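A.B. asks: First the structure, then my questions, so here it is.
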Amino acid sequence: MSTCKTVVLAVIFALYTGISRGQCPAKCNCNGTVVICRGEQLSTIPLPLPDATSL
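The sequence shown maps to residues -22 to -1, 1 to 33 in mature numbering (1 follows the signal peptide of the UniProt record, and there is no 0).
See the structure below:
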């Protein structure tokens, strides 16, 4: 799955389930509303996501 799709799915999942806790997922870099999990070959959606993350 592409990095962009992974990030978008993670954001949608967190917003839908209300799991967002204000932390950056392991293996990802977070900057404001941007979560980048590039080149990590993720098989699941990385959680938790920062509270400010938006679509």
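Backbone N, C-alpha and C fix where the C-beta goes; we use that ideal spot for every residue, glycine too. As the structure is a computational prediction, the values presented were derived from the model and not from experiment.
Leaving aside the five residues before and after L(-14) along the sequence, list all residues of the same chain whose C-beta is less than 6 Å from its C-beta, in chain order.
C.D. replies: Position 9 of the sequence shown holds residue -14. Counting only Cβ-Cβ distances below 6 Å, and skipping sequence neighbours, we find I23.
A.B. asks: By the DSSP assignment, the beta strand (DSSP E) with I14 in it spans what residues?
C.D. replies: Here residue 14 corresponds to residue number 36 of the sequence shown, with the count starting at 1. It spans 12 to 14 - the beta strand (DSSP E) in which I14 sits, taken as one unbroken run.
A.B. asks: Determine the extent of the beta strand (DSSP E) in which C8 is found, giving its start and end residues.
C.D. replies: What you label residue 8 is simply residue 30 of the sequence shown in a count that begins at 1. Per DSSP, C8 belongs to the beta strand (DSSP E) from 7 to 9.
A.B. asks: Counting only the same chain and skipping the five closest in sequence on each side, list residues whose C-beta sits under 8 Å from that of S21.
C.D. replies: Here the question's residue 21 lines up with position 43 in the sequence shown. So no residue of the chain qualifies.
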